[in-house]
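Contents: one structure, followed by commentary.
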Amino acid sequence: MQSRPRWAAEIEEEATDRRDGAMNDPIRDAIHVTIARIMEDWGMMLVDPESDPFAHYRADESFYVARIRFHGVVDGTYSLLCQDPFAMQLAENLLGMEDAVSTAHIEDALKEMINVLSGNLLTETFGVDTVFSLTPPEIRRANLDDVQDFRSGRAFNYLADSQPLQILFVLDSDEETTHAD
Amino acid sequence: MSYTVLIVDDSSIVRRVIEKTLGMTHLDLNPPLTAENGAEALEVLKDHWVDLIFLDINMPVMDGMTFMDHLRANHALQDIPVIIVSTEGSVERRSRLEQHRIHAYLRKPVTPEALVDAVSTALGSGN
Numbered sequence: 000m001q002s003r004p005r006w007a008a009e010i011e012e013e014a015t016d017r018r019d020g021a022m023n024d025p026i027r028d029a030i031h032v033t034i035a036r037i038m039e040d041w042g043m044m045l046v047d048p049e050s051d052p053f054a055h056y057r058a059d060e061s062f063y064v065a066r067i068r069f070h071g072v073v074d075g076t077y078s079l080l081c082q083d084p085f086a087m088q089l090a091e092n093l094l095g096m097e098d099a100v101s102t103a104h105i106e107d108a109l110k111e112m113i114n115v116l117s118g119n120l121l122t123e124t125f126g127v128d129t130v131f132s133l134t135p136p137e138i139r140r141a142n143l144d145d146v147q148d149f150r151s152g153r154a155f156n157y158l159a160d161s162q163p164l165q166i167l168f169v170l171d172s173d174e175e176t177t178h179a180d
Numbered sequence: 000m001s002y003t004v005l006i007v008d009d010s011s012i013v014r015r016v017i018e019k020t021l022g023m024t025h026l027d028l029n030p031p032l033t034a035e036n037g038a039e040a041l042e043v044l045k046d047h048w049v050d051l052i053f054l055d056i057n058m059p060v061m062d063g064m065t066f067m068d069h070l071r072a073n074h075a076l077q078d079i080p081v082i083i084v085s086t087e088g089s090v091e092r093r094s095r096l097e098q099h100r101i102h103a104y105l106r107k108p109v110t111p112e113a114l115v116d117a118v119s120t121a122l123g124s125g126n
């Protein structure tokens, strides 16, 4: 069993600072760089940070939420929120336009996206010497509570080929602190 | 000589992308076989000879690590080259996989060029 390095506590503290509104440049920058690289190289989409993704979401489109849990020296969850146009575009980019895109393909594309993002983000954040286990990703239609989570101010917000996309990174210790308040 | 490739990944997207990329190689390849997890892959191997396996690690039912344990313990299958395609980034996990004599380790997201290079060296050189 891995001993818990001191920096794991520092990461948790930084995540708490972010929850409390403080700026956290190293983690935020690592996430920005990794997401941009993954989406451009793999998803074939150009990604830009966006301050207000909810100004870009469409009222006539449904949301998807995808989640994956990680376990290691710290435990937590990566989540993403998007709407159908983004999900469709991602699946089409991955499969090639000549392939018909089904709902199963779209959901698989989003699951793979959160899987690839999480693996790379964990390495970028915690280094290659740290072992994490990832649960199989989950995908479903988002409900109001899911969407509200992404309004909390903790999400990383982007436009990917002009479609809103949000990523949420929450440590279990962060949630425990929140619920204890 | 036509080669047969087995793609083992729980994502239909990944299986399809690898399949399309295999079409970019200069090698004579049969339509690839696919499996959604390690257990399904072992069933495929009971009925089909394969020349190369693409293998994900994080899969339900039977993960890639466990599949490799079974593969290398089977005298008839132990020499099939395996290319890992995974999001795993830790040195420890990769080291453990390399002890199973994997041919290559490709970290997701994998570029088509890296996939083509890996399969070409695994099959083109006779491995």
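Those protein sequence lines, which keep their order, are chains A and B. With numbering that gives the first Met the number 0 applied, the first sequence covers 0 to 180. With numbering that gives the first Met the number 0 applied, the second sequence covers 0 to 126. For every residue, glycine included, the Cβ atom is placed at its ideal position computed from N, Cα and C.
Fill in: Selected residue, minimal CA-CA separation from residue 52 of chain A, among A:127, A:158, A:90
Taking the first sequence and counting its residues from 1, the one referred to as residue 52 of chain A is at position 53. Comparing Cα positions, the closest option is A:158.
Discussion item. Any beta carbon of chain B sitting closer than 7 Å to that of residue 118 of chain A?
Written reply: Within the first sequence, residue 118 of chain A is the residue found at index 119, counting from 1. Yes, because at least one Cβ of chain B sits closer than 7 Å to the Cβ of residue 118 of chain A.
Fill in: Straight-line Cα distance separating residue 47 of chain A from residue 121 of chain B
One-based indexing of the second sequence puts residue 121 of chain B at position 122. One-based indexing of the first sequence puts residue 47 of chain A at position 48. So the alpha carbons of these two residues sit roughly 39 Å apart.
Item to complete: Decide if the segment 30 to 47 of chain B is in contact with the segment 64 to 82 of chain B; the criterion is three or more beta carbon pairs, one per stretch, under 8 Å apart.
Response: yes
Worksheet item: Using 7 Å as the limit for Cβ to Cβ distance, is residue 86 of chain B near chain D?
Response: The question asks about chain D, but that chain is absent: this structure's protein chains are A and B.
Worksheet item: Can a CB atom of chain B be found closer than 7 Å to the CB of residue 108 of chain A?
Response: On the first sequence, residue 108 of chain A is found 109 positions in, with the first residue counted as 1. Interface annotation, residue 108 of chain A: in contact with chain B, CB-CB separation under 7 Å.
Practice prompt. Please report the residue range of the beta strand (DSSP E) in which residue 5 of chain B lies.
Written response: Position 6 of the second sequence holds residue 5 of chain B. Looking at the DSSP string, the run of the beta strand (DSSP E) that includes residue 5 of chain B is 4 to 7.
Worksheet item: So, residue 52 of chain B versus residue 21 of chain B, is the Cβ gap smaller than 7 Å?
Response: For this step, residue 52 of chain B is matched to residue 53 along the second sequence. For this step, residue 21 of chain B is matched to residue 22 along the second sequence. One thing to note: residue 52 of chain B has its Cβ no nearer than 7 Å to the Cβ of residue 21 of chain B.
Discussion item. What does the Cβ neighbour count give for residue 41 of chain A, buried or exposed, with the cut at 16 atoms within 10 Å?
Written reply: Numbered from its first residue, the first sequence carries residue 41 of chain A at position 42. Label assigned to residue 41 of chain A: buried.
Discussion item. Once the 5 residues before and after residue 99 of chain B are set aside, which same chain residues still bring their CB inside 7 Å of it?
Written reply: Numbered from its first residue, the second sequence carries residue 99 of chain B at position 100. Cβ neighbours of residue 99 of chain B beyond the five flanking positions: 67, 71.
Discussion item. Taking the beta carbon of residue 58 of chain B as the centre, do at least 16 other beta carbons fall within 10 Å, making it buried, or is it exposed?
Written reply: The count along the second sequence starts at 1 and reaches residue 58 of chain B at position 59. Looking at its Cβ environment, which holds 16 or more other Cβ atoms inside 10 Å, residue 58 of chain B is buried.
Item to complete: Name the residue from A:108, A:81, A:117 whose alpha carbon lies nearest to the alpha carbon of residue 170 of chain A.
Response: In the first sequence, the residue the question calls residue 170 of chain A occupies position 171. Ranking A:108, A:81, A:117 by Cα distance to residue 170 of chain A puts A:117 first.
Worksheet item: Hey, which unbroken runs of the alpha helix (DSSP H) at 4 residues or more fall wholly within the segment 100 to 161 of chain A?
Response: 102 to 125, 143 to 148
Discussion item. I'd like to know whether the C-beta atoms of residue 12 of chain B and residue 107 of chain A end up nearer to each other than 7 Å.
Written reply: Translated into the one-based positions of the second sequence, residue 12 of chain B becomes position 13. Translated into the one-based positions of the first sequence, residue 107 of chain A becomes position 108. Contact flag set, yes.
Worksheet item: Residue ranges of each beta strand (DSSP E) run of no fewer than 3 residues wholly in the segment 89 to 126 of chain B, ordered along the chain?
Response: 103 to 106
Worksheet entry | Pairwise C-alpha distance: residue 96 of chain B and residue 127 of chain B | Residue 127 of chain B lies beyond the range of chain B shown here (0 to 126); nothing can be said about it.
Worksheet item: Quick one: does residue 114 of chain A have its CB under 7 Å from some CB of chain B?
Response: Translated into positions along the first sequence, residue 114 of chain A becomes position 115. Chain B, which has a Cβ nearer than 7 Å to the Cβ of residue 114 of chain A, makes this yes.
Fill in: Interface partners of residue 133 of chain A on chain B, CB under 8 Å
Your numbering for residue 133 of chain A matches position 134 in the first sequence. Those within 8 Å of residue 133 of chain A in chain B are 57, 86.
Worksheet entry | Boundaries (first-last residue) of the alpha helix (DSSP H) holding residue 63 of chain B | Reading the second sequence from its first residue, position 64 is the one you call residue 63 of chain B. 63 to 72 is the span of the alpha helix (DSSP H), which, as asked, contains residue 63 of chain B.
Worksheet item: Name the chain A residues that come within less than 8 Å of residue 89 of chain B, Cβ to Cβ?
Response: Taking the second sequence and counting its residues from 1, one reaches residue 89 of chain B at position 90. Neighbours of residue 89 of chain B on chain A, chain order: 122, 127, 128, 129, 130, 131.
Item to complete: Taking residue 84 of chain A as part of the alpha helix (DSSP H), name the residues at either end of that continuous run.
Response: Counted from its first residue, the first sequence places residue 84 of chain A at position 85. 83 to 94 is the extent of the alpha helix (DSSP H) around residue 84 of chain A.
Practice prompt. Compare the C-alpha of residue 25 of chain A against each of A:87, A:161, A:124, A:136 and name the closest.
Written response: To locate residue 25 of chain A, count along the first sequence from 1; it is residue 26. Among A:87, A:161, A:124, A:136, the Cα nearest to that of residue 25 of chain A belongs to A:124.
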